Amino acid sequence: MTDARTLNSLETHGSEKTYSVGKIILNIAVVTLFAGTVITLSFIKGKVSAPKNTVYVAIMGLIWLYHIAKAVIKKEEYHPDIAVLIYSLFLIWDISFRILGNGNPVLSPPMENVFEVFLKDSEFIAEGIGHSLMILVTGFSIALISGNILGMIVGWVKRLNNDFTPIAKVLSPIPPMVYTPYLIALMPTFTSASIAVIGIGMFWPIFLGMINRVGSINGRLIDSAKAMNVSTPTMLFKVILPYSIPSIVGNLKIQISTIFMILIMAEMIGATSGLGFFIKKYSDYADYARVLAGIFVVGAVITILNVLLDIAEKKLIKWKAV
């Protein structure tokens with residue numbers, strides 16, 4: 001009886017392993033088929049010229065390698081849907097606008113030309129990324145630190161809570177772009193104005209969020225701390241702040257897209273550097289290959305920042321609020 005069970009278990013395990021290997025091979029084949037089709041089409045001459053496809057082919061190849069690695073590492077957990085979607089969009093764009101010549105070639109440039117911008121303007125793009133990140137990190141750090149500390153104090157002191165919460169509820173929904181022109185006129189440089197826009201724009205939501213977080217903290221945790229006769233600074237920075245850190249870090253991934261949107265829109269108004277300036281400058285000249293390249297860079301930067309935040313959250317935050 002035992003031998004029969006063992007045999008059945010081995011047969012089941014063997015069939016599952018065969019299924020897993022078969023699924024991995026199928027996923028790799030699907031991704032390779034779409035990647036190969038996209039790359040092959042880039043060598044076909046169309047109605048709209050695309051002088052070089054080197055960068056385009058390289059990036060399509062990198063996307064293929066990334067998804068092949070995921071298919072091998074994650075095995076049956078991997079699904080090629082995203083890869084198929086990405087390659088399908090490039091296929092549709094390339095066939096419709098470059099090969100068949102549908103649409104306006106100025107508004108719908110070949111993707112080969114768009115990706116070539118990364119090589120031609122690499123120094124300009126890198127400078128823009130650095131400038132934008134400097135403004136983003138500075139402005140958001142000011143909002144994050146001041147918003148959470150002041151929100152924690154106001155949330156803890158009932159009188160301050162009653163006074164400032166209504167004000168925060170009125171000011172937090174106001175779009176930061178509303179007062180951007182005034183801040184540009186008021187501040188000495190555009191860089192300082194951009195930092196102020198991000199700082200003010202993100203301060204009120206962070207401030208209000210921290211007030212609400214303090215109000216929703218587990219009562220037993222507060223009672224236990226009070227029973228130990230801790231001081232107010234200890235209560236705030238040793239009890240409430242550690243309790244709030246997981247949700248603060250979790251919200252960063254949501255806030256990063258909002259911050260970047262504020263930054264890009266601010267840079268489009270009067271900056272002389274940055275990703276928003278790059279997009280606005282070339283849209284004024286109707287150079288939409290560079291405009292699309294700038295949009296891709298913004299998406300890539302936001303994605304990388306979110307990945308870094310995920311890694312930081314997993315490595316640094318070992319506890320969760322209950």
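Be aware that the sequence shown starts at 1, since it is given in our numbering, and climbs by one per residue.
We put the beta carbon where it would ideally sit given N, CA and C, even for glycine.
Source: prediction; values computed, not measured.
Residue i Cβ short of 7 Å to the ligand FAD heavy atom set
i	result
K315	Annotation note on the ligand FAD: not contained in the displayed structure, which lists no ligands.
Buried or exposed (CB count within 10 angstroms, at least 16 for buried), residue i
i	result
L89	exposed
N113	buried
V307	exposed
S194	buried
P51	exposed
Y87	buried
F43	exposed
M228	exposed
G14	Per-residue confidence for G14 stands at a pLDDT of 49, beneath the threshold of 50, marking its modelled position as unreliable; no derived number is given.
A289	buried
N27	buried
E116	buried
K280	buried
I311	exposed
Y285	exposed
E123	exposed
A143	buried
A35	buried
S20	exposed
P188	exposed
A185	exposed
N53	buried
L136	buried
G294	buried
V170	exposed
G215	exposed
N218	exposed
G22	exposed
G101	exposed
Integer-rounded CB distance, given that residue j should sit under 8 Å from residue i
i	j	result
V154	N161	6 Å
V31	W64	6 Å
F260	E267	F260 to E267, Cβ: 10 Å. No contact.
S247	R213	6 Å
G151	F207	4 Å
P109	L275	Not a contact, Cβ separation roughly 19 Å.
V84	M60	Contact doesn't hold; Cβ gap of about 13 Å is too wide.
I324	I317	Since the first and last residues shown for the chain are 1 and 322, residue 324 lies out of range.
I145	V72	With a Cβ gap of about 42 Å, I145 and V72 do not count as contacting.
I211	T165	6 Å
L375	A196	Nothing about residue 375 can be read from this structure; the chain reaches only from 1 to 322.
L91	L41	7 Å
L119	V55	5 Å
**Prompt:** Should the region 122-131 be regarded as contacting the region 65-82, the criterion being three or more beta carbon pairs within less than 8 Å?
**Reply:** no
**Inter-stretch contact at 8 Å, needing at least 3 Cβ pairs: the region 87-97 / the region 105-114** = The count of Cβ pairs closer than 8 Å, one atom from the region 87-97 and one from the region 105-114, reaches three, so the stretches are in contact.
**Message:** Assess contact between the region 197-217 and the region 156-176, defined as three or more Cβ pairs (one per stretch) separated by less than 8 Å. Is contact present?
**Reply:** yes
**Asked** Is it true that the region 296-306 meets the region 250-260, where meeting means three or more beta-carbon pairs spaced less than 8 Å apart?
**Response** yes
**Request:** Would you be able to state if there are at least three C-beta pairs under 8 Å between the region 179-189 and the region 223-237?
**Result:** no
**Request:** Taking only runs that begin and end inside the region 185-249, name each unbroken alpha helix (DSSP H) of 4 or more residues, in chain order.
**Result:** As far as the region 185-249 is concerned, its whole alpha helix (DSSP H) runs of at least 4 residues are 190-215, 219-227.
**Asked** What are the start and end residues of each continuous alpha helix (DSSP H) run of 4 or more residues lying completely inside the region 44-113, in chain order?
**Response** 54-74, 81-93
**Item:** In chain order, each alpha helix (DSSP H) run of at least 4 residues that lies wholly inside the region 257-284
**Value:** Scanning the region 257-284 from its first residue to its last, the whole alpha helix (DSSP H) runs of 4-plus residues come out as 275-284.
**Request:** Go through the region 103-175 residue by residue and report every complete run of the alpha helix (DSSP H) that reaches 4 residues or more, in order.
**Result:** The region 103-175 contains these whole alpha helix (DSSP H) runs: 111-120, 122-156, 158-171.
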